[in-house]
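As structure tokens, the structure follows; a few thoughts come after it.
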Amino acid sequence: MAPVTRFLMISAWCAGLSALSCSLPAQAQDAPSSFGGVSDLVCPNAPPAPPKPIAGRPAARVNMSGTQMPSDAELGPLARTTIRPQPLVDTQTLAGFAPGNSEQPRRIAIWGDSHIAGGPFASTLIQALRDKGLSVAPRLLPPTMGRANVVLPGLRAYCIGSSWTTDIAYTSPSPLDIGPGLANRVVDAGPDSYVWLDVRNPSRQADVRQLQVIYSAPAGATIDYVIDDGAQRTVTLPASNTSQALALGTNGAMSTIKLRVSQGKLVLQGFILDRPQMPDVSFDVFGLPSATVKGWANVNPSTFAQSLHGVSYDGVLLEFGTNEGADPDFDTEKYAAMLERALGNMRQVFPKASCVLVGPPDRGVLRQGKGGTLPLLTYSRVHQRIEQVQRDVGSRFGCAAWSWQDLMGGQGGSYGWAHAQPSLMGHDLIHLSPDGYRLTGRSLAHSLGWSP
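Residues 47 to 498 in my numbering are what the sequence shown spells out, letter by letter.
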């Protein structure tokens, strides 16, 4: 059997609820309810799990030595660390992000690139809500488990076979039918066509009553599944080119579910988690490394809305711009046109959602390789242009703009953040250190009214 990817985590997220019209999911035969004692997932051919970090031990710090940073003499005042507190976003925009409660749950989602895909940025936002005493949990999980540098904080553990391939919206040359995560996973029946999920919460408690598999099966397919180490069951999926939802559940709450495509081809678009009681805040995170807003520009709004199967959002965050700014031929007008298409599509799907565009952070250059002769502010200037376009175009679609670059002190702020103790930047001067992402998450949480 081919190698698999295994990933464990101990944080949790949140996601959206229903508001869009859709057909009811097909219902598979109920499995017996789980009464605890369900085993943790052990992935086929997986290496032993690494030891868990000791509670209270500080996170590893980023060592910037040996990265060929520009010299202090070259940087001059840019070597000074600046952190500029960001203001609250306007009151009208804040409405959809106002913390919810059991009487009126709030539904929030963020789409973005590697900044939210793999680091603690998104989990810091979620923790800010929990610090207010709110319950927070995911509702819709993207199918991106097993992708490099992707963290799914709403999933306790998973196993996924090596046969799965990925269709990604931002790499497509033309619009396409894609699921909520702006990525579909595709697999043909075979021994490595499996995906296993542990959907228990961080306290190892089962609180998911039903899991809906969002999929299409152009020529039909058959899925074998096991809930909570019970008996294997089989469900046959009729041929359909449109997004469907298959509901799998128990008489109580489930801990784990193991799926395998035993016949046909399956296009997986995500999973909806149904709980007996919705959390105060549902928060979904859709991050893909290297992503650009072209993913949203390539969305077919009608099929995208169908793939949500009733899930919708009160607040939408879009965090893009870093990868657009890496294009040596970056064109402001072309970027504005692409952003306009993207926001037009988003508004067709979520016409009433509050919206915030999170601009790209500052980016520096290293004195090595192709960047050895670039001016210090090469990328900084492009990122500022991107942020201004987001501000101008976003306002026409009811979206507020949040300046990550200004938080860092403006153009060249990445150098000062790299010189902070501990460093707030990563070695590449593109990504941030874990401390930098946590600081950013706390600042954005403040601007959204979630923290003092």
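Every residue, glycine too, gets a C-beta built ideally from N, C-alpha and C.
Considering only C-alpha positions, which residue in the set the options is nearest to residue i?
i, options, result
"A203", "P248, A466, W463, Y271", "P248"
"F167", "V313, L470, L475, D474", "L470"
"R255", "I269, R321, V281", "R321"
"D408", "Q394, V428, Q414", "V428"
"P480", "L121, E120, A267, I162", "I162"
"S189", "L124, D234, V259", "In the sequence as displayed, the identity of residue 189 is Pro instead of Ser. Nearest of L124, D234, V259 to P189, Cα basis: V259."
"N346", "A383, L222, D159, D136", "L222"
"S117", "G440, L478, L412", "L412"
"V357", "S328, D373, D377, S181", "S328"
"S208", "Q434, P498, Y216, R231", "R231"
"G295", "Q436, D330, D253", "D253"
"V439", "G225, L354, L403, R176", "L403"
"G298", "L140, Q436, Q251", "Q251"
"R185", "V313, L228, L354, T282", "L354"
"V233", "L319, H465, Y216, S308", "S308"
"V281", "N287, L292, T486", "L292"
"M300", "D270, L257, L283, Y261", "L257"
"P90", "N391, D238, F376, D375", "D238"
"L423", "I154, A215, Q457", "Q457"
"Q414", "I214, H473, N287", "H473"
"L228", "N391, L87, Q138, P374", "N391"
"Q114", "G444, V435, T419", "T419"
"P397", "P374, R442, V435", "R442"
"R246", "S289, D377, A194, L319", "L319"
"R153", "S289, T211, P374, M324", "M324"
Within the same chain, show all residues whose beta-carbon is closer than 7 Å to that of residue i, passing over the 5 residues directly before and after it, in chain order.
i, result
"I432", "G367, E370, G371, Y381, G405, P406"
"N147", "D326"
"M384", "V339, K340, A343"
"G142", "D360, G361, A399, S400"
"A285", "A263, P264, A265, G266"
"P218", "Note that residue 218 is Ser in the sequence shown here, rather than Pro. For S218, where only same-chain residues beyond five positions count, the Cβ hits under 7 Å are N344."
"R176", "V182"
"R437", "A447"
"G482", "W463, L470, M471"
"A388", "V339, W342, A343"
"R130", "D452, L453, G455"
"G444", "C401"
"H465", "A125, T127"
Would you please state the rounded distance, in angstroms, between the beta carbons of residue i and residue j? I believe it to be under 8 Å.
i, j, result
"A183", "G200", "7 Å"
"K178", "P151", "Contact flag wrong, Cβ pair sits at about 14 Å."
"L121", "G316", "No, L121 and G316 are not in contact; Cβ-Cβ is about 44 Å, not under 8 Å."
"A491", "L171", "6 Å"
"T268", "G310", "6 Å"
"Q467", "G459", "With a Cβ gap of about 16 Å, Q467 and G459 do not count as contacting."
"D159", "A337", "4 Å"
"Y461", "A125", "6 Å"
"T128", "G455", "3 Å"
"Y261", "L180", "Contact flag wrong, Cβ pair sits at about 32 Å."
"D330", "A155", "4 Å"
Compare the C-beta of residue i against all C-beta atoms of chain D and say whether one is closer than 8 Å.
i, result
"D270", "Protein chains in the displayed structure number just one, and chain D is not present."
Ordered along the chain, which non-local residues of its own chain (more than five positions away) have a Cβ less than 6 Å from that of residue i?
i, result
"G157", "Looking at the sequence shown, residue 157 is not Gly but Trp. F332, L364."
"V272", "Q278, K304"
"S489", "Q132, L453"
"L140", "G495"
"R484", "P166, T170"
"G410", "S460, Y461, L475"
"A174", "A491, W496, S497"
"T349", "D223"
"S111", "Here S111 scores only 48 on pLDDT, less than 50, and its place in the model is too uncertain to base an answer on."
"V395", "P347, F350, A351"
In chain order, what residues of the same chain lie with their CB nearer than 8 Å to the CB of residue i, ignoring the 5 residues before and after it?
i, result
"D275", "V84, S85, T302"
"V499", "Any question about residue 499 goes unanswered here, given that the chain covers just 47 to 498."
"W448", "Q132, V135, V402, L403, V404, G405, L490, S493"
"A215", "L222, I224, L228, A229, K340, G341, W342, N344, V345"
"G435", "Correcting the residue type first, residue 435 is Val in the shown sequence and not Gly. Contacts found: T378, Y381, A382, L385."
"T477", "Just to set this straight, residue 477 is His in the shown sequence, not Thr. So the list reads S160, H161, G165, M471, once near-sequence residues are dropped."
Tell me, please, whether the segment 294–304 touches the segment 235–242 by the rule of three or more beta-carbon pairs shorter than 8 Å.
-> A contact exists between the segment 294–304 and the segment 235–242.
Mind listing, in chain order, the continuous beta strand (DSSP E) runs of no fewer than 3 residues lying wholly within the segment 332–420?
-> Taken in chain order, the complete beta strand (DSSP E) segments of 3 or more residues contained in the segment 332–420 are 361–365, 400–404.
Enumerated in chain order, which unbroken segments of the alpha helix (DSSP H) with a length of 4 residues or greater are wholly contained in the segment 204–285?
-> Fully enclosed alpha helix (DSSP H) runs of 4 or longer: not present.
Any chance you could list the beta strand (DSSP E) runs of at least 3 consecutive residues sitting entirely within the segment 426–468, in chain order?
-> Entirely contained in the segment 426–468, the beta strand (DSSP E) runs reaching 3 residues are, in chain order, 445–448.
Ranges of the alpha helix (DSSP H) found wholly within the segment 161–195, counting only runs of at least 4 = For secondary structure counted as the alpha helix (DSSP H) over 4 or more consecutive residues, the segment 161–195 holds these complete runs in sequence order: 167–176.
Could I get the ranges of all uninterrupted beta strand (DSSP E) runs contained in the segment 294–337, with 3 residues as the minimum, in chain order?
-> As far as the segment 294–337 is concerned, its whole beta strand (DSSP E) runs of at least 3 residues are 302–320, 327–333.
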